[in-house]
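Participant: Once you've had a glance at the structure underneath, I'll fire off some questions.
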Amino acid sequence: MKLPLLALPLVLLAFAVGCNKPAETAKQGAPTTPAPAKKGTIGVTLLTLQNPFFKVIGDHITAEAAKHGYDTIVLSADTDVARQANHVKDFIVKKCVAIVLSPCESRSIVPVIQEANAAGIPVLTVDIPCNEPGVKLLTQVATDNYGGGKEAGRAMIEALGAAGGKVAILHFKQAESCRLRVNGFREVIEAHNAKAGAKINLVMELDGGGAKDVGYKAAEDALQAHGDLRGVFAINDPSALGARAAIEKAGKTAQIVIVGFDGQPEGKQAIKDGKIYADPIQFPDKMGIEIVRAIVKHSKGEDVPKEMLIPTSLYRKADAVKDATLK
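Residues in the sequence shown are numbered from 878 upward in steps of one, following the working numbering.
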């Protein structure tokens, strides 16, 4: 059939447009792997996001969860039990598929964990365990804090040498993880003292707050009480760095050694610079990943161990010198 002359340009235009479609698709490149179907939201309330350690945990939970189709809400409790309890209550209202928390205080958080249990939502702890009766936890992922505390004790013995001396502990008693660290540290020091000629005397246990400013003040108090102090064990890097600042101000850096805990970048740099003797280092990235893997396994009906402990590794100056991530 012969087309009218006016219709011919329209046919040619349609043909041209149709021919261009494959070329446009080719420009977009190979098709990408489709994102996993959304499976719900994981609610996360961490001790504090002011501490880089917990931010690493939160970031890895978020990244790993996204790979498996989960959204996340990651909140900072700012070491406030009431705030954390409200976070959990909100997660329950939002019908989160799982709740992850690092308890601000293990005993005080029990009632709200029980509320989540009653709502049928799996609850997991990360870094800080909750070993209180009356709660049901899917699993607890944490550093082997007790073992890490023992490593810290051995590092202090090594640093002080045969002379021994007085040591202060900068604690954060409200966290179960820190209680475990101090218990491990004390056990090793006590075993050493049972057979050593020159003993290591644990003369003070102060609240270091897990923070630089509180650690600074605690170390100042320790120095005022014991001018001949020879060592400080701090339960994390921020309080260890606060202690170092106080020791520098007092002009006693040659007299006092510090053993910290964590292995945060700033702590590792301080070890390289000779400001901290050693750290049992933790792996917060692994904690975040293992938490999500436990949730995924549970969602598939697979068994999940009740506890997953990640060993620490003692990090000294020799390790820091070889560490390409440091200055």
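The C-beta atom is built at its ideal place from N, Cα and C for all residues, glycine as well.
From a predicted model like this one, the values you see are computed outputs, not experimental measurements.
Under 9 Å, do glycine 997 and histidine 964 count as touching if we go by C-beta distance?
Facilitator: Taking 9 Å as the Cβ cut-off, glycine 997 and histidine 964 do not qualify as a contacting pair.
Participant: Cα separation between lysine 944 and proline 913?
Facilitator: Taking the straight line from one Cα to the other gives about 7 Å.
Participant: Tell me whether the beta-carbon of isoleucine 986 lies closer than 9 Å to the beta-carbon of serine 1054.
Facilitator: Not in contact: isoleucine 986 and serine 1054 (Cβ atoms no closer than 9 Å).
Participant: Which class does valine 1198 belong to by DSSP, given the choice of helix, strand or coil?
Facilitator: Three-state DSSP puts valine 1198 in a helix.
Participant: Is the Cβ-Cβ distance between glycine 935 and valine 974 less than 9 Å?
Facilitator: Not a contact, by the Cβ cut-off of 9 Å.
Participant: Taking aspartate 936 as part of the alpha helix (DSSP H), name the residues at either end of that continuous run.
Facilitator: That run of the alpha helix (DSSP H) goes 929-944.
Participant: Give the DSSP-derived three-state secondary structure of serine 1190 in the structure shown.
Facilitator: If DSSP states are grouped into helix, strand and coil, serine 1190 belongs with the strands.
Participant: Take alanine 903 and list the residues in its own chain whose beta-carbon comes closer than 6 Å to its own, dropping the five residues that flank it on each side.
Facilitator: Low local confidence applies: a pLDDT of 40 at alanine 903 is under 50, so the model's placement there is unreliable, and no value is given.
Participant: Please confirm whether isoleucine 1124 and arginine 1058 have their CB atoms less than 9 Å apart.
Facilitator: Not closer than 9 Å, so no.
Participant: If you reduce the DSSP assignment to three classes, tell me which class serine 985 lands in.
Facilitator: In the structure shown, serine 985 sits in coil (DSSP, three-state: anything other than H, G, I, E or B).
Participant: Using the three-state DSSP reduction, which class does lysine 1213 fall into: helix, strand or coil?
Facilitator: Residue 1213 is absent from the model: the chain starts at 878 and stops at 1204.
Participant: Taking DSSP as the reference, what is the three-state secondary structure of proline 1157?
Facilitator: Strand.
Participant: Taking 8 Å as the limit between beta carbons, can you name the residues of its chain near valine 933, skipping five residues before and five after?
Facilitator: If we look at valine 933 and ignore the five residues flanking it on each side, its Cβ neighbours are Pro1161, Asp1162, Gly1165.
Participant: Going straight from the alpha carbon of asparagine 1072 to that of alanine 1201, what length do you get?
Facilitator: Residue identity check: residue 1072 is lysine in the sequence provided, not asparagine. If you take the alpha carbons of lysine 1072 and alanine 1201, they lie about 40 Å apart.
Participant: Go ahead and pull the three-state DSSP assignment for asparagine 1060.
Facilitator: Helix, per DSSP.
Participant: Which residue's Cα is closest to the Cα of glycine 1085: Val1169, Leu1079, Lys1094?
Facilitator: Closest by alpha carbon: Lys1094.
Participant: In the DSSP assignment, what residue or residues form a beta bridge with phenylalanine 1110?
Facilitator: Ile1046, Val1136.
Participant: Who are serine 953's beta bridge partners in DSSP?
Facilitator: Answer by DSSP bridge pairing, in chain order: Leu923.
Participant: May I ask which residues mark the beginning and end of the beta strand (DSSP E) holding isoleucine 976?
Facilitator: Looking at the DSSP string, the run of the beta strand (DSSP E) that includes isoleucine 976 is 975-978.
Participant: Report the rounded CA-to-CA distance for alanine 1155 versus glycine 1087, giving the unit in angstroms.
Facilitator: Rounded to the nearest angstrom, the two C-alpha atoms are 17 Å apart.
Participant: Beta carbon of leucine 1083, beta carbon of aspartate 1098: below 9 Å?
Facilitator: Contact: yes.
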